[in-house]
Amino acid sequence: MTTYTDQGKQDTRSGFGAGMTELGRTNPNVVALCADLVGSLKIQTFIDENPERFFQVGIAEANMMGIAAGLTIGGKIPFTGTFANFSTGRVYDQIRQSIAYSDKNVKICASHAGITLGEDGATHQILEDIGLMKMLPGMTVINPCDFNQTKAATLAIAEHHGPVYLRFGRPKVANFTPVDQKFEIGKALMLNEGTDVTIIATGHLVWQALIAAENLENQGISAEVINIHTIKPLDDEAILASVKKTGCVVTAEEHNFLGGLGESVSRVLATHHPAPQEFVATQDTFGESGTPDQLMDKYGLNNKAIEASVLKVLKRK
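Numbering follows UniProt numbering, in which position 1 of the sequence shown is assigned residue number 1; successive positions increment by one, without gaps.
Below, the structure is given as structure tokens:
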């Protein structure tokens with residue numbers, strides 16, 4: 001069992017802010033737009049150092065997407081920032097028509113994704129955003145797991161030409177990946193090799209998958225853990241290589257099981273190598289207000305849920 005150390009809990013949105021600060025110093029074409037949520041997006045340092053490269057659009061997210069699309073025509077690399085709910089559902093038409101259809105080099109950066117924005121309440125949560133964005137032709141969809149990986153992803157998407165949806169969260173979570181990691185879009189990361197079951201996780205569920213794998217090892221079950229930080233394009237090769245070895249898979253995500261990572265993995269397996277699969281995800285439901293831990297427990301989005309799904313899928317091999 002590979003051991004990972006929590007370097008100290010940090011919020012992934014601060015990883016985005018750290019990435020933006022570095023981009024502000026290294027890439028003069030990067031500009032930032034925000035819909036009245038500078039504090040939540042942690043981009044104040046970028047603004048302080050590059051005031052002429054920041055556009056405060058206000059609570060007008062649709063306009064923000066249109067402005068971002070226009071800025072690309074002049075060679076700028078716009079990063080838009082607001083909550084995931086307002087970055088996708090509220091502005092889907094503008095993203096589809098002005099950004100995705102037109103193949104504009106806009107980076108849609110979405111904080112407070114999933115259910116763990118907690119006390120902000122159900123109307124601010126979104127559990128269908130991955131599905132909305134991955135269905136758009138040409139859209140890259142990225143969901144990093146911790147502070148360090150979110151910073152690395154922010155830097156990487158500035159170098160990638162084309163529309164990107166970068167999803168991250170509000171709460172402080174374990175920060176366990178390397179500080180100076182190289183982020184390769186579309187390349188899954190093997191975190192722990194195993195032989196009995198494959199656990200494929202994304203975002204906040206990656207750390208929970210590692211905890212589950214350690215607990216399962218104590219029960220004599222060898223779990224392979226893969227971090228899928230890029231949901232589109234998906235690393236089909238890594239998924240198939242693992243599942244062909246273990247014979248079954250559990251997917252884990254802070255998202256509805258409809259339209260998320262699990263469905264993408266199912267497509268790969270159905271097409272190339274059918275195998276038993278269990279889904280750790282919300283079950284076609286909206287969330288509610290509560291602390292992140294309360295909500296992750298209620299909706300079955302933690303290491304205990306992953307362990308239970310592993311025991312269930314093993315009986316189907």
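Every residue, glycine too, gets a C-beta built ideally from N, C-alpha and C.
Simplified DSSP assignment, three categories, for Ser98: helix
Below 8 Å on the Cβ atoms is my contact criterion, and I expect Gly75 with Asn143 to pass it. Report the Cβ-Cβ distance as a whole number of Å. Not really, about 28 Å apart at Cβ, beyond 8 Å.
Of the residues Cys34, Asp93, Lys134, the one placed nearest Gly260, counting alpha carbons only: Lys134
CB-CB under 8 Å to Ile99, same chain, minus the five flanking residues each way: which ones, in chain order? Met65, Ala68, Ala69, Val106, Ile108, Pro163
Check: Ile211 C-beta below 8 Å from any heavy atom of the ligand MG: Absence of the ligand MG from the depicted structure is noted, as is the absence of any ligand whatsoever, leaving it without description.
Cα-Cα separation, Gly300 to Gln10: 22 Å
Between Val265 and Ile239, is the Cβ-Cβ spacing less than 9 Å? yes
Does Asn192 pass the burial test, meaning 16 or more other C-beta atoms within 10 Å, or should it be called exposed? buried
Local conformation of Asp11 per DSSP, three classes: strand
Cα separation between Thr177 and Asn148? 6 Å
Inter-residue spacing [alpha-carbon to alpha-carbon] between Asp146 and Thr246: 27 Å
Can you have a look at Arg13 and say buried or exposed, based on whether 16 or more other CB atoms are within 10 angstroms of its CB? buried
Spell out the partners DSSP gives Phe55 in its beta bridges. Leu33
Would the region 123-140 count as touching the region 77-93 if we require 3 or more Cβ pairs under 8 Å? yes
Classify His255 as buried or exposed, calling it buried when 16 or more other Cβ atoms lie within 10 Å of its own Cβ. buried
In or out: Gly114 buried (at least 16 other Cβ within 10 Å) or exposed? buried
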